[in-house]
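Visitor: Have a look at this one.
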Amino acid sequence: MSAPNCLDIDKLSAVLPNGQRVLRSVSLSVQPGEVRALVGESGAGKTMIGKAVLGVLPSSVRVVEGDIVLEGQDLGRLEPKARRTLVGARTALIPQDPLTALNPSRRIGPQMTDRLVRILGWSGQRADQRTRQLLDEVQIRDPDRVLKSYPHELSGGMRQRVLIAAAFAAEPRLIVADEPTTALDVTVQKQILRLIAQLQREHGTAILFVTHDLGVVAKISQKVSVLYAGKVVEEAETETLFAAPQHPYTRALMAATPRYTDPFASLKPVDDTVLAGLKQEIATADQAWRRPHG
Amino acid sequence: MAEPLFSVRGLKVALPDMTRKPLVGRAPLVEILKGLDFDLPKGSVTGIVGESGSGKSTLGRALVRLLEPSAGTVTFDGRDITHLTEAGLRPLRRNLQMIFQDPMSSLNPRHTIFHIIAAPLKQNGLGDNLRDRVAEALDRVGLPQGFASRYRHELSGGQRQRVGIARALALSPQFVLADEIVSGLDVSTQAQILTLLEKLAEEMGLTVAFISHDLSVIRRLCRQVIVMRQGAIVEASATEALFDNPRDAYTRDLLAAIPLPEIDPGWLDTPSAPRAPA
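Which chain is which? The protein sequence lines are A and B, in order. Converting from the first sequence to my numbering requires adding 33 to each position, the first position being numbered 1. Converting from the second sequence to my numbering requires adding 47 to each position, the first position being numbered 1.
Below you can see the structure in the form of structure tokens.
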């Protein structure tokens with residue numbers, strides 16, 4: 034391979050204090066400029082993977098095995114400070130809920146420029162220019178008003194635009210987008226997905242796109258990993274996954290996902306035998322994993 | 048069309064706008080529902096769909112009279128309930144039941160599931176044979192009898208929603224308001240809850256107002272649909288007619304914005320139609 038992948042995760046396992054595995058030997062890679070979706074239901078560990086990459090796992094979760102390699106640099110081998118600097122410069126997050134991600138008592142402007150000034154050491158003027166340029170790219174036509182606003186003065190869609198602009202401002206190589214449209218109305222969701230896709234193409238940014246919605250996966254991603262209980266049960270090119278899903282769980286998830294065009298062939302409850310098979314698969318994997326790990 | 052259970056004419060609801068409340072004095076009223084006319088036919092499920100701020104939840108609350116309309120009339124089973132007092136509503140309450148979006152906040156954390164399902168039975172004079180009645184209610188929603196002694200935090204999201212349904216249906220009501228009851232659930236659980244509600248509505252001949260932002264779910268469950276936007280009805284028709292031939296541009300927009308789980312390379316290239324300002 035010529036250029037290194039943007040992100041390589043190799044056999045990543047994480048445990049809770051009681052020893053229960055929450056990530057089960059997760060491996061995946063993201064090439065430069067590619068969108069990889071992580072899809073699964075609650076408890077699938079999809080958000081956890083994003084947090085592991087960004088180095089913001091909750092303190093109760095401990096990574097016990099595996100590597101995270103960002104643009105050729107093995108994050109596990111870096112000193113904490115060097116790791117934070119690298120991750121801070123090369124990655125960004127688009128969170129689900131812009132209201133909790135923004136400080137309610139500060140205006141939007143300083144919240145957007147602070148990161149550029151403090152973490153990347155830009156001058157205030159450069160940060161301001163860059164912020165305005167990105168607000169323009171996310172189609173905010175009155176940047177002066179938005180920069181002076183407090184978060185509660187903007188609509189949900191506007192707040193999400195602000196966070197997308199902030200994420201792209203520092204030209205990260207990788208963005209973790211964690212359910213960025215889940216809280217939005219469908220028409221706003223479509224606008225936001227279009228914006229993310231457009232900026233992603235123009236800036237050549239790779240995205241790890243966390244979602245529970247196979248509809249969103251189909252529209253935004255080129256590759257996809259399907260997760261259940263912290264385990265990748267299937268991974269494929271998105272087109273291949275929808276043409277010929279291999280794992281029974283993937284097929285069950287597709288049959289459960291609502292399709293208004295075909296209401297009676299969709300919204301099918303996941304079969305108990307599929308879930309039993311999954312639990313068996315996980316138990317077997319855990320057993321095999323524990324043997325060398327005592 | 049069957050005889051209506053609800054008949055609504057010129058319904059307006061105005062609520063205080065707390066964002067514009069002066070420091071001293073009353074908040075100005077803002078009109079949430081701007082004069083709605085519709086019927087809910089007996090024994091069928093009607094979908095009410097719209098985006099946030101469309102007034103769909105306010106409409107639901109006006110139907111079960113958690114809110115008092117500021118104008119118009121709400122007729123339930125031949126009776127004008129528009130301005131009934133709480134005392135006047137009490138005998139009707141058992142027939143006006145509701146299931147909410149988030150059972151985590153609508154089920155009392157300190158009561159057992161038995162207590163939660165039994166409370167409305169007792170209040171409505173059905174306190175005899177409580178054990179049997181609760182057992183029957185649990186059975187109806189596919190929960191094992193052992194759940195009666197559990198608390199809400201010991202249940203999964205789907206199980207909690209089953210308890211919400213069991214409580215609402217324990218009184219065999221004529222009408223059930225279901226407000227976004229599957230939006231917080233995973234798709235696999237969502238499908239189970241919808242299948243359950245579909246089956247029970249059919250078996251018990253329930254009249255249901257099913258409020259949702261999800262048109263796929265509406266199409267599956269509902270016989271007719273009311274599409275709302277900014278406090279008004281933009282379109283109301285039989286489900287198949289609405290999906291086969293949506294007459295209103297806004298309905299078409301809503302449908303086009305739904306990302307279907309299938310590959311469609313052109314989808315991201317077509318913008319959502321710009322919406323007129325509120």
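Ideal Cβ positions, reconstructed from N, Cα and C, are used throughout, including at glycine. Only a predicted model underlies this, so the values are computations on that prediction, with no experimental measurement involved.
In the DSSP assignment, find the alpha helix (DSSP H) that holds Y326 (chain B) and state where it starts and stops.
Guide: Because chain B here runs from 48 to 325, residue 326 (chain B) falls outside it and cannot be looked at.
Visitor: Just to confirm my understanding: we take L226 (chain A), look at its own chain, exclude 5 residues before and 5 after, and list those with CB closer than 8 Å. What are they?
Guide: Excluding positions up to five away in sequence, the list reads T214, V249, K252 and I253.
Visitor: Using 8 Å as the Cβ pair cut-off and three pairs as the minimum, do the stretch 56-63 of chain B and the stretch 301-320 of chain A touch?
Guide: No: fewer than three Cβ pairs fall under 8 Å.
Visitor: Taking D218 (chain A) as the query, report the chain B residues whose CB atoms sit under 8 Å from its CB, ordered along the chain.
Guide: Those are E98, S99 and H260, listed as they occur along chain B.
Visitor: With DSSP run on the structure shown, which of helix, strand or coil describes A323 (chain B)?
Guide: Because the pLDDT of A323 (chain B) is 45, which lies under 50, any placement of that residue in the model is unreliable, and the question is left without a value.
Visitor: At what residues does the beta strand (DSSP E) containing R56 (chain B) begin and finish?
Guide: Taken as a continuous stretch (DSSP letters only), the beta strand (DSSP E) holding R56 (chain B) covers P51 to P63.
Visitor: Any residues in the stretch 299-321 of chain A with a beta carbon nearer than 8 Å to a beta carbon of chain B? Which ones, in chain order?
Guide: The residues in question are S299, L300, K301, P302 and V303.
Visitor: Using a Cβ cut-off of 7 Å, pull out every chain B residue sitting near H280 (chain A), in sequence order please.
Guide: Near H280 (chain A) there are no residues of chain B at all, since even the closest Cβ is about 14 Å away, more than 7 Å.
Visitor: Going by alpha carbons, who is nearest to R207 (chain B) out of B:M151, B:L262 and B:F222?
Guide: Measuring from the Cα of R207 (chain B), the nearest candidate turns out to be B:M151.
Visitor: Check distances from the C-beta atoms of the stretch 261-293 of chain A to those of chain B and list, in chain order, the residues that come in under 8 Å.
Guide: So the close ones are T271, E272, F275, A276, A285, L286, M287, A289, T290, P291, R292 and Y293.
Visitor: Compute the distance between the beta-carbons of I42 (chain A) and L61 (chain A), then report whether it is under 8 Å.
Guide: Against a cut-off of 8 Å, the Cβ pair of L61 (chain A) and I42 (chain A) comes out as a contact.
Visitor: What's the call for Q166 (chain A), buried or exposed, on a 16-neighbour Cβ count within 10 Å?
Guide: So Q166 (chain A) counts as exposed.
Visitor: In or out: G205 (chain B) buried (at least 16 other Cβ within 10 Å) or exposed?
Guide: When all chains shown are included, G205 (chain B) counts as buried.
Visitor: Among A:F242, A:D295 and A:S299, which residue has its Cα nearest to the Cα of G73 (chain A)?
Guide: Checking every option, the nearest Cα to that of G73 (chain A) belongs to A:F242.
Visitor: Pick helix, strand or coil for A285 (chain B), following the three-state DSSP scheme.
Guide: Residue state, collapsed to three classes: strand.
Visitor: Hey, could you find the ends of the alpha helix (DSSP H) K181 (chain A) is sitting in?
Guide: Segment P176 to K181, the alpha helix (DSSP H) holding K181 (chain A).
Visitor: When the Cα atoms are used, what is the spatial distance from S182 (chain A) to I173 (chain A)?
Guide: If I take the Cα positions, the gap works out to 13 Å.
Visitor: Report the neighbours of Q221 (chain B) on chain E: residues whose CB is nearer than 9 Å to its CB, in chain order.
Guide: Looking at the structure shown, chain E is missing, and the protein chains on hand are A and B.
Visitor: When the Cα of R284 (chain A) is compared with those of A:L260, A:Y293 and A:T294, which residue comes out closest?
Guide: Here the closest residue by C-alpha is A:L260.
Visitor: Are the stretch 288-299 of chain B and the stretch 123-136 of chain B in contact at 8 Å, needing three or more beta carbon pairs?
Guide: Verdict: no, contact absent.
Visitor: Starting from L177 (chain B), follow the beta strand (DSSP E) in both directions and report where the run begins and ends.
Guide: It is not in any beta strand (DSSP E) - L177 (chain B) instead sits in the alpha helix (DSSP H) that spans L177 to R187.
Visitor: In chain order, which continuous runs of the alpha helix (DSSP H) of length 4 or greater are located wholly inside the stretch 256-319 of chain A?
Guide: Taking only runs of at least 4 residues, the alpha helix (DSSP H) segments lying wholly in the stretch 256-319 of chain A are 271-276 and 281-289.
Visitor: Is the Cβ of K79 (chain A) closer than 8 Å to any Cβ of chain B?
Guide: No - not a single Cβ of chain B is within 8 Å of the one on K79 (chain A).
Visitor: Any idea if V179 (chain A) is buried or exposed, counting beta-carbon neighbours within 10 angstroms, 16 or more meaning buried?
Guide: Buried, since its Cβ has 16 or more Cβ neighbours within 10 Å.
Visitor: What would DSSP say about Q271 (chain B), mapped onto helix, strand or coil?
Guide: Here Q271 (chain B) sits in strand by DSSP.
Visitor: Leaving out the 5 sequence neighbours to the left and right, which residues in its chain are closer than 8 Å to A283 (chain B) when beta-carbon positions are compared?
Guide: Closer than 8 Å at the Cβ level, and outside the excluded window around A283 (chain B), lie F85, Q271, V272, I273 and V274.
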